[in-house]
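Numbering-wise (full-length UniProt numbering), the sequence shown opens with residue 1 and increments by one.
Ideal Cβ placement from N, Cα and C applies to all residues, glycine included.
Model, not experiment: these values are computed from the prediction.
In what follows, a structure is listed as structure tokens, so that the remarks can point back to it.
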Amino acid sequence: MGNPVLSRDSIADYSSIFYQWGLIDSQGLLAVKPLQDEYNKAVLREELLNKLDDISMQQQTFNILVDSINHLDDFVEFIRRPEVSEALHVGTIQFAFHNGTTHKRLTPDFLSEVRSKVEMLLNHYRILIYCGQMDLTAPCVPNAKARRKHWHWNKRNEFLNASRTPWWFDERVAGGLELPLPPNYHVVPQDTAAYVDDDLEGISKTILQIPGDPPSGTQAVMVVSLVLNVLLILAIVCGAVYGLRWKRRTDAYNYKTVDETSITTSTMF
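Structure representation (structure tokens):
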């Protein structure tokens, strides 16, 4: 999931992000509180984005480092290729960068509560969530904080107690375990495509594993246990074969001794 907004409680405190980035000072933090209150009451996507623009005083809220973002539609030509349309199974439907019908249908559903559905999925599948930390529309930190606080699934404690290590790519820090991507913004793949490709390639190798699968350490123990059990079975089989052969040799020797004794006794009489 890229830049997902899955519940309102994860995006309720934008002013703190703007304060941390230096867009507003402590006085500005108080000044924009009424705007944030209005923002939290908004339910339509356009209203939300308009309020964000008012709070940030930026021309756009996708990337804090730049004033404007151009060429966002450069990928349209690629999407319209016949082989891409075939791979996406969209038939002859023509892709449009600005789709008024889709926008109209999705707007009322933009902030529908879907946390329970994602929690249900998490009980059975691993889910990758990535976002750009330079993004003011769906910043990583408050979203990750809300997920840790409010989401509940069968592996929640394991996730919360997992060690957090930096993600390195090409001798540079690319992000963290919960994948805030430091040099990226809202349109993550366009900004640093190599990072995302490396991340998705790594995730795709384990995407079919469900959280109930044993971790790698347990798997190693299971492999060692399996090998030991196989060796034990082989030892038992070899011991049984050796025992049978020993018994046969012993029986043959005893029979031979009995026969020779009988012959000697008969000769003496």
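> With a cut-off of 8 angstroms, do at least 3 Cβ pairs link the region 109 to 126 to the region 146 to 160?
Replying inline: yes
>> Within a Cβ cutoff of 6 angstroms, which residues of the same chain sit near residue 271, ignoring the five residues on either side of it in sequence?
In response: Any answer about residue 271 is impossible in this case: the structure gives the chain only from 1 up to 269.
>> Within 10 Å of its beta-carbon, does D74 have 16 or more other beta-carbons around it, so buried, or fewer, so exposed?
In response: By 1-based counting over the sequence shown, the position of residue 74 is 74. It counts as exposed.
>> Could you pull the DSSP bridge partners for R249 from this structure?
In response: As a working mapping, residue 249 is identified with position 249 in the sequence shown. Looking at the DSSP assignment, R249 forms no beta bridge with any residue, so it has no partner.
>> Are the CB atoms of M1 and I93 within a distance shorter than 7 angstroms?
In response: What you label residue 93 is simply residue 93 of the sequence shown in a count that begins at 1. What you label residue 1 is simply residue 1 of the sequence shown in a count that begins at 1. For I93 and M1, no; Cβs fall outside 7 angstroms.
>> Only counting the same chain, and skipping five residues up and downstream in sequence, which positions put a Cβ closer than 7 angstroms to that of I207?
In response: In the sequence shown, the residue the question calls residue 207 occupies position 207. Note on I207: pLDDT 46, under 50, position unreliable in the model; the coordinate value appears next. Only R126 meet the Cβ criterion.
> Roughly how many angstroms separate the alpha carbons of A144 and Y14, rounded to a whole number?
Replying inline: The residue labelled residue 144 in the question sits at position 144 within the sequence shown. The residue labelled residue 14 in the question sits at position 14 within the sequence shown. Cα to Cα, the separation comes out at about 13 angstroms.
> So what's R172 in DSSP terms, helix, strand or just coil?
Replying inline: Your numbering for residue 172 matches position 172 in the sequence shown. DSSP places R172 in strand when its eight states are reduced to three.
>> I need the straight-line Cα distance from A31 to W168, nearest angstrom please.
In response: Here residue 31 refers to the residue found at position 31 when the sequence shown is read from its first residue. Here residue 168 refers to the residue found at position 168 when the sequence shown is read from its first residue. For A31 and W168, the distance between alpha carbons rounds to 40 angstroms.
> At which residues does the alpha helix (DSSP H) containing Q20 begin and terminate?
Replying inline: Residue 20 sits at position 20 when you count from the first residue of the sequence shown. Residues 14 to 20.
> Nearest-angstrom Cα distance between R115 and G91?
Replying inline: Start at 1 with the first residue of the sequence shown, and residue 115 comes out as number 115. Start at 1 with the first residue of the sequence shown, and residue 91 comes out as number 91. If I take the Cα positions, the gap works out to 32 angstroms.
> In whole angstroms, what separates the C-alpha of P142 from that of Y19?
Replying inline: In the sequence shown, the residue the question calls residue 142 occupies position 142. In the sequence shown, the residue the question calls residue 19 occupies position 19. One C-alpha to the other measures close to 13 angstroms.
>> In chain order, what are the residue ranges of uninterrupted beta strand (DSSP E) at least 3 long that sit wholly in the region 85 to 165?
In response: none
> Relative to the C-alpha of W21, which residue among A146, A162, K149, M134 is closest?
Replying inline: The residue labelled residue 21 in the question sits at position 21 within the sequence shown. If we check each option's Cα against that of W21, M134 comes out closest.
> Considering F78, what are the terminal residues of the alpha helix (DSSP H) in which it resides?
Replying inline: Reading the sequence shown from its first residue, position 78 is the one you call residue 78. Looking at the DSSP string, the run of the alpha helix (DSSP H) that includes F78 is 76 to 79.
> If you check the beta carbons only, do P139 and I17 fall under 7 angstroms apart?
Replying inline: By one-based count along the sequence shown, residue 139 stands at place 139. By one-based count along the sequence shown, residue 17 stands at place 17. Taking 7 angstroms as the Cβ cut-off, P139 and I17 qualify as a contacting pair.
> Hey, quick one: how far does the alpha helix (DSSP H) through G2 stretch, first residue to last?
Replying inline: In the sequence shown, residue 2 corresponds to position 2, counting from 1. From DSSP, G2 is part of no alpha helix (DSSP H); its letter is neither H nor E.
> How about E113 and S26: do their beta carbons lie closer than 7 angstroms?
Replying inline: Taking the first residue of the sequence shown as position 1, residue 113 is located at position 113. Taking the first residue of the sequence shown as position 1, residue 26 is located at position 26. For E113 and S26, no; Cβs fall outside 7 angstroms.
>> Would F97 and V118 be called neighbours here (beta carbons separated by less than 7 angstroms)?
In response: Reading the sequence shown from its first residue, position 97 is the one you call residue 97. Reading the sequence shown from its first residue, position 118 is the one you call residue 118. Contact: no.
>> Our contact map puts C131 next to N3 with C-beta atoms below 8 angstroms; I'd like the distance itself, whole angstroms only.
In response: Here residue 131 refers to the residue found at position 131 when the sequence shown is read from its first residue. Here residue 3 refers to the residue found at position 3 when the sequence shown is read from its first residue. Sure, about 5 angstroms apart at Cβ, within 8 angstroms.
> What three-state label does DSSP hand D25 in the structure shown?
Replying inline: On the sequence shown, position 25 is the one that residue 25 refers to. D25: coil per DSSP, three-state reduction.
> Does DSSP classify V32 as helix, strand or coil?
Replying inline: In the sequence shown, the residue the question calls residue 32 occupies position 32. Coil.
> What residues in its chain sit with their C-beta under 7 angstroms from that of L29, if we drop five residues either side in the sequence?
Replying inline: The count along the sequence shown starts at 1 and reaches residue 29 at position 29. Excluding residues within five positions, the ones whose Cβ falls inside 7 angstroms are S15, Y19.
>> Quick check: the Cα distance between T165 and R148, rounded to an integer number of angstroms?
In response: For the purposes of this step, residue 165 is identified with residue 165 of the sequence shown, where counting begins at 1. For the purposes of this step, residue 148 is identified with residue 148 of the sequence shown, where counting begins at 1. If you take the alpha carbons of T165 and R148, they lie about 17 angstroms apart.
>> Rounded to whole angstroms, what is the Cα-Cα separation between T102 and V227?
In response: As a working mapping, residue 102 is identified with position 102 in the sequence shown. As a working mapping, residue 227 is identified with position 227 in the sequence shown. In a straight line, the C-alpha of T102 is about 57 angstroms away from that of V227.
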